[in-house]
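*Asks:*
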Amino acid sequence: MAQDRTESDQHPKRLALRAFIGKRKFLAEPLYPGATNEATREKCQAVIDALAERLIPLADAPVDQRIFAKELTQTMLDFGSADSEERERAASYVEEVMDMLEIESSGGLLNMWAYGFDPAELLAKSPNVPPR
0 MAQDRTESDQ HPKRLALRAF IGKRKFLAEP LYPGATNEAT REKCQAVIDA LAERLIPLAD
60 APVDQRIFAK ELTQTMLDFG SADSEERERA ASYVEEVMDM LEIESSGGLL NMWAYGFDPA
120 ELLAKSPNVP PR
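Each residue of the sequence shown is one higher than the one before, counting from 0 in numbering that gives the first Met the number 0.
So, in structure tokens, the structure goes:
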């Protein structure tokens, strides 16, 4: 049993998530000015890291979309009403996590969180845009 746990802990997706958790986030980058202060940066990072931590046990198999949506919704609630720049940067971190876990879509949740709307919904409702 101990060997199973060790092998599971060494799963590439788990290792990627642990490395992601270990990196500092919400620092200034070319297209992002960084969090407004260190307390905000730490809070934002803690929320994103908590999502990654909650997803580690799911890394061994394809992630159930409903479970991911529930965890992402919890993250959005935990994040609170931060600046739009922090929400956008947080959404890009979530996209990194999704890539690690091979999750193709958030079902529009990321767009709703970062921008307040889902562009796919707008396109679907537009009479001038042919359906996909």
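Beta carbons: idealized from backbone N, C-alpha and C, even for Gly.
Quick check: K12 and L109, are their CB atoms within less than 8 Å of each other?
*Replies:* For the purposes of this step, residue 12 is taken as the residue at position 13 of the sequence shown. For the purposes of this step, residue 109 is taken as the residue at position 110 of the sequence shown. Cβ distance not < 8 Å, so K12 and L109 don't count as in contact.
*Asks:* Report back the beta-carbon spacing between F25 and E95 to the nearest angstrom; my notes put them in contact at under 8 Å.
*Replies:* For this step, residue 25 is matched to residue 26 along the sequence shown. For this step, residue 95 is matched to residue 96 along the sequence shown. Going by Cβ atoms, the distance from F25 to E95 rounds to 13 Å, so no, they are not a contact pair.
*Asks:* So, are the CB atoms of A34 and C43 less than 8 Å apart?
*Replies:* Counting from 1 along the sequence shown, the entry for residue 34 is found at position 35. Counting from 1 along the sequence shown, the entry for residue 43 is found at position 44. Cβ distance < 8 Å, so A34 and C43 count as in contact.
*Asks:* Out of I66, A45, V62, which one is the CA nearest neighbour of D98?
*Replies:* Here residue 98 refers to the residue found at position 99 when the sequence shown is read from its first residue. Looking at the Cα atoms, V62 is the closest of the given residues.
*Asks:* What are the boundary residues of the alpha helix (DSSP H) that includes K22?
*Replies:* Position 23 of the sequence shown, counted from the start, is the residue given in the question as residue 22. That residue, K22, is in no alpha helix (DSSP H); it is neither H nor E in DSSP.
*Asks:* Could you tell me the distance, in whole angstroms, from the CA atom of I55 to the CA atom of H10?
*Replies:* Counting from 1 along the sequence shown, the entry for residue 55 is found at position 56. Counting from 1 along the sequence shown, the entry for residue 10 is found at position 11. Cα to Cα, I55 sits roughly 10 Å from H10.
*Asks:* Tell me, please, which residues DSSP counts as bridged to E28.
*Replies:* Looking up residue 28 in the sequence shown gives position 29. Its beta-bridge partners are Y31.
*Asks:* Tell me the residue span of the alpha helix (DSSP H) that contains W58.
*Replies:* As a working mapping, residue 58 is identified with position 59 in the sequence shown. Reading off the sequence shown, one finds Ala at residue 58, where the question assumed Trp. Counting along the chain, A58 falls outside any alpha helix (DSSP H), and DSSP gives it neither H nor E.
*Asks:* Return the residue from the list K22, A90, S104, G106 that minimises the CA-CA distance to A217.
*Replies:* Here the chain comprises residues numbered 0 to 131, so residue 217 is not present and cannot be evaluated.
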